[in-house]
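First the structure, in the form of structure tokens, and then the observations on it.
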RNA sequence: GGUCGGUUGCCCGAGUGGUUAGGGACCGGUCUGCAAAACCGGGGACAGCGGUUCGAAUCUGCUACCGACCUCCA
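Residue numbers (the working numbering): 69 to 555.
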């Protein structure tokens, strides 16, 4: 039975859905004012893994991942400028043009990483009316106040009735003493009050009418609003990066409790950060590498381009709650490991069944299930797949055998866990369109000629063909029967 | 400063009381015209100092170092 680590309780809990057979999950998506980097790949892949596993377990899943296209402010909640608007002005584009541009590119990168699209991908800008209604509810309940056209959460009042800070393990006193004094907070009662609605400054391009002012929603509003709109006032899982725990998710809890009188989320899940030389990779650290740069190898820290599946595999090699430290060396190791898995998968499809099974293949499905049930332990699943790869290679080498029933099961387990759950694109090699068939045939022909040359001990011709193909990027392997090749 | 987390072999990275993690690199062997791949075997690790225990990488205390959040952030 699936256990997931709930940040709320700081322990692993059995997943018990609110509605039998259904699972609702909400994940904080990207702010679309820049290209996706490795850090965006982490939550996308982590929660893709969860989504895929829930589907595998037979749940009907509604997966909501938002697009943040309004409301995140440049510097602080009071003086900042809407990020999207700023970028738009700089580039002389319509705000929605910027949003569309980066959304398209985000989708392209996610598709490359084999991240399944969510069931619903709501835009904050498309839910202004709902957000205004949500703010109004909080006002009606008396947990917010209007000040100069903006609406703020009355955190002090809220904290008297609800435990504020429970998710991130803070209490109000800590927050009081630790919150930096910022300029221009005069319109807030307390520094820790956060904006639910902000009056737009004249230079703002993106703003909407509301009962309080022409403005835009506070940056935590969209998740509370859209999460409950599409998943219900209570739903199962909310995910996101650890850096969002405070204040973003804490504020979400406060907003939901204030408006609805109860919490919305049963399981809070947080993926850890990606580091680069031990430091967090992030937009504001100027040390981030975009996914496109990875795919093209265009960054000084990268020794070469890395395929999307290498990135995915690299991220799955570590547990989602651990930090994972990036280096070109680590990625190269991942690349080789992935190739080994790919090779084993290809061979698995070609294996011939024997009378009995002499290699250790039993219990693979159970072991993989056990690992996934244990808070999505993808590294352990990979460990089992590698163990299985050894068995496959043994049989492939003719040093062992496998029965028809075991072979069939093995193929199914690999399909289920490696392809469907881990989301590795192992089976899309050389799928047969006409061009590809002709191409394969041509390469086979060359290697047949080489084989003849070898039989005639014409090493010159033999090596010439192998070297030339290797030069072009082919990998040639001699086997007892003849040869194998791959690109 | 407050809160939380981490420190595992050459590198990445699992593991929570006793049993081989796994991957990459490296070394040796088998195979091979050579090579590659594959297979077999190998060495090496649990930050430091105490404590609990028959037994600790795993529990506990202290120390050192690193990081995250507290401010936009995945």
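Cβ atoms here follow ideal geometry from the backbone N, Cα and C, with glycine treated the same way.
Residue i burial status per 10 Å Cβ neighbour count (16 or more: buried)
i           : result
residue 536 : exposed
residue 115 : buried
residue 222 : buried
residue 69  : exposed
residue 353 : exposed
residue 460 : buried
residue 336 : buried
residue 411 : buried
residue 251 : Unreliable positioning characterises residue 251 in this predicted model, as indicated by a pLDDT of 46, which lies under 50. The coordinate reading is nonetheless provided below. It is exposed - the Cβ of residue 251 has fewer than 16 other Cβ atoms within 10 Å.
residue 304 : buried
residue 79  : exposed
residue 534 : buried
residue 378 : buried
residue 476 : exposed
residue 177 : buried
residue 134 : buried
residue 364 : exposed
residue 381 : buried
residue 218 : buried
residue 82  : exposed
For residue i, three-class secondary structure by DSSP
i           : result
residue 295 : helix
residue 453 : helix
residue 413 : helix
residue 287 : coil
residue 280 : coil
residue 338 : strand
residue 79  : strand
residue 552 : strand
residue 420 : coil
residue 154 : helix
residue 141 : Unreliable positioning characterises residue 141 in this predicted model, as indicated by a pLDDT of 45, which lies under 50. The coordinate reading is nonetheless provided below. Residue 141: strand per DSSP, three-state reduction.
residue 93  : strand
residue 69  : coil
residue 175 : helix
residue 468 : coil
residue 191 : strand
residue 408 : helix
residue 74  : strand
residue 135 : strand
residue 333 : strand
residue 257 : coil
residue 167 : helix
residue 130 : strand
residue 344 : strand
Segment limits, alpha helix (DSSP H) that includes residue i
i           : result
residue 527 : 527-539
residue 112 : 106-124
residue 478 : 472-481
residue 322 : 318-328
residue 393 : No alpha helix (DSSP H) holds residue 393; the beta strand (DSSP E) holding it covers 392-394.
residue 266 : From DSSP, residue 266 is part of no alpha helix (DSSP H) but of the beta strand (DSSP E) over 263-267.
residue 364 : 359-364
residue 376 : 376-384
Whole-angstrom C-beta distance between residue j and residue i, which should lie under 8 Å
i           : j           : result
residue 260 : residue 322 : With a Cβ gap of about 11 Å, residue 260 and residue 322 do not count as contacting.
residue 283 : residue 267 : 4 Å
residue 360 : residue 103 : 6 Å
residue 55  : residue 235 : This structure cannot settle anything about residue 55, because the visible part of the chain is limited to 69 through 555.
residue 332 : residue 296 : 6 Å
residue 339 : residue 406 : Actually they are not in contact, since the Cβ atoms of residue 339 and residue 406 sit about 21 Å apart, beyond 8 Å.
residue 167 : residue 100 : 5 Å
residue 351 : residue 341 : Not confirmed; about 13 Å, so no contact.
residue 274 : residue 98  : Not really, about 17 Å apart at Cβ, beyond 8 Å.
residue 187 : residue 130 : 5 Å
residue 494 : residue 118 : The pair is not a contact, with the Cβ atoms about 20 Å apart (cut-off 8 Å).
residue 288 : residue 314 : Their Cβ separation, rounded to whole angstroms, is 11 Å, which puts residue 288 and residue 314 out of contact at 8 Å.
residue 356 : residue 106 : 7 Å
First and last residue of the uninterrupted beta strand (DSSP E) at residue i
i           : result
residue 545 : 543-546
residue 303 : 303-309
- Going along the chain, which unbroken runs of the alpha helix (DSSP H) with 4 or more residues stay wholly within the region 490-524? The DSSP assignment places 502-523 as complete runs of the alpha helix (DSSP H) inside the region 490-524, in order along the chain (cut-off: 4 residues).
- Task: Give, in chain order, every unbroken run of the alpha helix (DSSP H) that is at least 4 residues long and sits entirely within the region 421-445.
- Result: Within the region 421-445, complete alpha helix (DSSP H) segments of at least 4 residues are found at 432-441, given in chain order.
- Could you give the uninterrupted runs of the alpha helix (DSSP H) lying entirely in the region 203-241, keeping only those of 4 residues or more? Segments of the alpha helix (DSSP H) lying fully in the region 203-241: 223-229.
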